[in-house]
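Peer 1: Take this structure, written in structure tokens, and hold onto it; I'll ask about it next.
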Amino acid sequence: MTQNTYIQSYITIQNNEIVLNGTSVFKIEPTDFADFSKQAYRNFDIQYPKFFKMDALSKLAFLGSELLLSPIISAEKENNIALVLANKSSSLDTDVKYQESISDKENYFPSPAVFVYTLPNICLGEISIRHQLKSENSFFIFEAFNPEFMSNYSNILLNSNKAETVLCGWVEFFNDNYKAFLCTISKEENEKYKNETINTLYNK
Numbered sequence: 001m002t003q004n005t006y007i008q009s010y011i012t013i014q015n016n017e018i019v020l021n022g023t024s025v026f027k028i029e030p031t032d033f034a035d036f037s038k039q040a041y042r043n044f045d046i047q048y049p050k051f052f053k054m055d056a057l058s059k060l061a062f063l064g065s066e067l068l069l070s071p072i073i074s075a076e077k078e079n080n081i082a083l084v085l086a087n088k089s090s091s092l093d094t095d096v097k098y099q100e101s102i103s104d105k106e107n108y109f110p111s112p113a114v115f116v117y118t119l120p121n122i123c124l125g126e127i128s129i130r131h132q133l134k135s136e137n138s139f140f141i142f143e144a145f146n147p148e149f150m151s152n153y154s155n156i157l158l159n160s161n162k163a164e165t166v167l168c169g170w171v172e173f174f175n176d177n178y179k180a181f182l183c184t185i186s187k188e189e190n191e192k193y194k195n196e197t198i199n200t201l202y203n204k
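First residue of the sequence shown: 1, per our numbering; consecutive thereafter.
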């Protein structure tokens, strides 16, 4: 039997600002993403040194998931939270940096630290390691955000009991242009977003 699913919380990260459930929780003067992400990490007192070794796409997904998942993660039980993310540029921002490290024959220096991030789904791995998740995860590439697909896919995972909660959304990063929109969905009724959809929240 198919049950209704409900958005529990959502976050948007773009233009040097983080908006959580419709409220701006962090905003700084215009700067590049490297500086913005570092300041955001420190502002929320996140303790995870590996963050500084991640590529930009993983940092973007990590920051959004950190603020959504930390309040609902339990240390006592296994957290059955699926991850369903998508973007347009895949890992192209990192791919370009890696290509630059191998294209100069006079200065040939392929970086293993950069190569690690030449797949977009690595950011799912970073989130899973951080929150000890062993559940379903998928990363899709679309020309533009596809809320209908993301919503349907999340609902299938929830209604087939493959997950109790789904973290889904869009994490796009290329040439320092970025936007993350993530939300958590479950079968638990939530009056706050009863009439909202992934699409209406994404476009707010």
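Virtual Cβ for every residue (Gly too), placed ideally from N, Cα, C.
Hey, how far is the Cα of Y98 from the Cα of E189?
Peer 2: Reliability of the predicted coordinates at Y98 is poor, the pLDDT of 49 falling under 50, and the value obtained from them is presented with this limitation in mind. Rounded to whole angstroms, Y98 to E189 spans 45 Å at the Cα level.
Peer 1: For Y193, which residues does DSSP report across the bridge?
Peer 2: Per the DSSP secondary-structure output, Y193 pairs with nothing in a beta bridge.
Peer 1: Report yes if the C-beta distance between Y202 and P147 is below 9 Å; otherwise report no.
Peer 2: Yes, the pair counts as a contact, with Cβ atoms nearer than the cut-off.
Peer 1: Can you list, in chain order, the residues of its chain with a C-beta nearer than 6 Å to that of C123? Leave out the 5 residues immediately preceding and following it.
Peer 2: L57, S58, A61
Peer 1: What is the DSSP secondary structure of G125, counted as helix, strand or coil?
Peer 2: helix
Peer 1: In this structure, how does DSSP classify E62 when only helix, strand and coil are distinguished?
Peer 2: In the sequence as presented, Glu is not what sits at residue 62; that position holds Phe. Three-state DSSP puts F62 in a helix.
Peer 1: Tell me whether S74 sits in a helix, a strand or coil according to DSSP, three-state version.
Peer 2: coil
Peer 1: What does the alpha-carbon distance come out to for the pair N137 and K179?
Peer 2: Taking the straight line joining both Cα atoms gives about 20 Å.
Peer 1: Would you mind reading off the limits of the alpha helix (DSSP H) that contains L133?
Peer 2: Segment: none, L133 is in no alpha helix (DSSP H) and carries neither H nor E.
Peer 1: Quick one: Cα of K27 to Cα of K134, how far?
Peer 2: 33 Å
Peer 1: Figure out for me which residue from I198, G125, Q47 has the closest Cα to the Cα of F149.
Peer 2: I198
Peer 1: Taking 9 Å as the cut-off, decide whether the C-beta atoms of T12 and I81 are in contact.
Peer 2: no
Peer 1: Go to Q39, then tell me how far its alpha helix (DSSP H) extends in each direction, as first and last residue.
Peer 2: 33-43
Peer 1: Can you name the start and end residues of the alpha helix (DSSP H) that I156 belongs to?
Peer 2: 147-159
Peer 1: Taking the alpha carbon of N121 as the point to measure from, which residue in L85, Y10, N16, H131 has its own alpha carbon closest?
Peer 2: Closest by alpha carbon: L85.
Peer 1: How far does the beta strand (DSSP E) with Y202 in it extend, from its first residue to its last?
Peer 2: Segment 198-202 is the alpha helix (DSSP H) holding Y202; no beta strand (DSSP E) there.
Peer 1: Applying the criterion that 16 or more other CB atoms from any shown protein chain within 10 Å of the CB defines a buried residue, is T5 buried or exposed?
Peer 2: buried
Peer 1: With which residues is A180 paired in a DSSP beta bridge?
Peer 2: I13, V171
Peer 1: Our contact map puts L67 next to L167 with C-beta atoms below 8 Å; I'd like the distance itself, whole angstroms only.
Peer 2: Between L167 and L67 the Cβ distance is about 11 Å, and since that is not below 8 Å, they are no contact.
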